[in-house]
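Using my numbering, read the sequence shown as starting at 1086 and increasing by one per residue. Glycine included, every Cβ here is placed at the ideal spot set by N, Cα and C. Given the structure is predicted, the values throughout are model-derived calculations rather than measurements.
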Amino acid sequence: MIYQKKQAEQILLKACRELVESGLIARTWGNVSIRLSKDYFLITPSGRAYETLEASDLVTVKIADLSYEGDVKPSSEKEIHASAYKLRPEVDFVVHTHQSNASAISVLGEDFSLTETNGNLRAERISTAEERRVLGPSIPTAKYGLSSTPPLAANVRRAMRRNPDSKAILMKNHGAICFGADYEEAFQAAYALEKVCGRIFEIRCGCKMPTEEGALLEGEIDKGYMMHVRTPYVLLMSRRGKDLKAYLDDQAQISGYMIPCIEPGDRKSLRMAAEEGGSVLLKNDGALVIASDKDEAEAAAIVLEKNCQAAMLALKKGMKPVDKSSADLEHMFYVKKYSKRKGEGHAEETD
């Protein structure tokens, strides 16, 4: 259904809260929109924390040319949302997530049929009848493109056209986009996608998802906030004893191409990490995340855990990380935009 603007604003604000509470996104990496008419949609803004959004922060965008009303900038992924409304007249709600299992599976770059056998992935093994009803006959993957760019939007459009009945599309090394006739349908697709991708992950990795988690140590330091992260996938990657590359865009944005792995007793490297900020893996002992404040450290820790999950699958299957030039560009754009948002009084940048 198409909504009046006041009603649409309240639904979108509710969706923002659910995105954060559900874990479908890490901080503001992700966005949601709702159709207002055949010509316009309402979308979340760029660089605003979802927990504190108000109706005045939401942006009305024209589907045809992406022009928008007011001084608040819409999400930089607005073109993907516009594409969904153009190509799917039955769609009135779009959710772009960076959920963990779907993001990890995206590194494979595969399309997954939910009605036929995909190698060792039998349809009935990876999805229930209800999940197939919610998601449609397949989960396609759009080819990689730099986040927030026209090439990425074009790749998503191609995947939409190839799979007109799919309600969720993976975006390689990035995340997912889910569609629905309303709020409930779009979120149902996002939740079903995460369950199905979790089963695909376990089958393709040949193992159960790890649950081991060590104690989390954190506290203020002279130049910000430090966390010793010992979440399940971070611990597994630290035991490799090797530098870790960025397999997901949001990790590339934070750290660039490489996350070094150091010996826990390497005081020089630890001191450099404390001075420069960022993340380092500690051999056999998780990771150290250093950021400007507690919120930033927590966001970096969430993204690092997700990147380690993606890396576990990618290394198992011989998949490549985000290429260095793209990772460096992602990091440069993020730092530049993040610094600008800080100067404007906003805590973070989003897509």
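The count of Cβ pairs closer than 8 Å, one atom from the stretch 1306 to 1324 and one from the stretch 1379 to 1394, reaches three, so the stretches are in contact. Assigned with DSSP and collapsed to three states, methionine 1417 falls in helix.
Look at lysine 1409 here: in three-state DSSP terms it is helix.
In this structure, glutamate 1164 lies near alanine 1238, with their beta-carbon atoms less than 9 Å apart. Judged by DSSP secondary structure, serine 1364 falls within the beta strand (DSSP E) whose first and last residues are 1363 to 1367. Take the alpha-carbon of serine 1212 and the one of alanine 1274: they are about 12 Å apart.
Closest in C-alpha terms to serine 1223, from the list His1313, Asp1334, Arg1247 and Thr1234, comes Arg1247. For the pair methionine 1245 and alanine 1169, the CB atoms are nearer than the 9 Å cut-off.
Between alanine 1227 and arginine 1217, the CB-CB gap reaches or exceeds 9 Å. Isoleucine 1285: member of the alpha helix (DSSP H) spanning 1268 to 1290, first to last residue. Sorting Ser1411, Glu1201 and Val1365 by C-alpha distance to the C-alpha of cysteine 1346 places Val1365 at the top.
In the assembly as shown, glycine 1291 is an exposed residue. Its beta-carbon has fewer than 16 other beta-carbons within 10 Å.
Per the DSSP secondary-structure output, lysine 1090 pairs with nothing in a beta bridge. In the DSSP annotation of this structure, tyrosine 1170 is not part of any beta strand (DSSP E); the continuous alpha helix (DSSP H) holding it starts and ends at 1163 to 1172.
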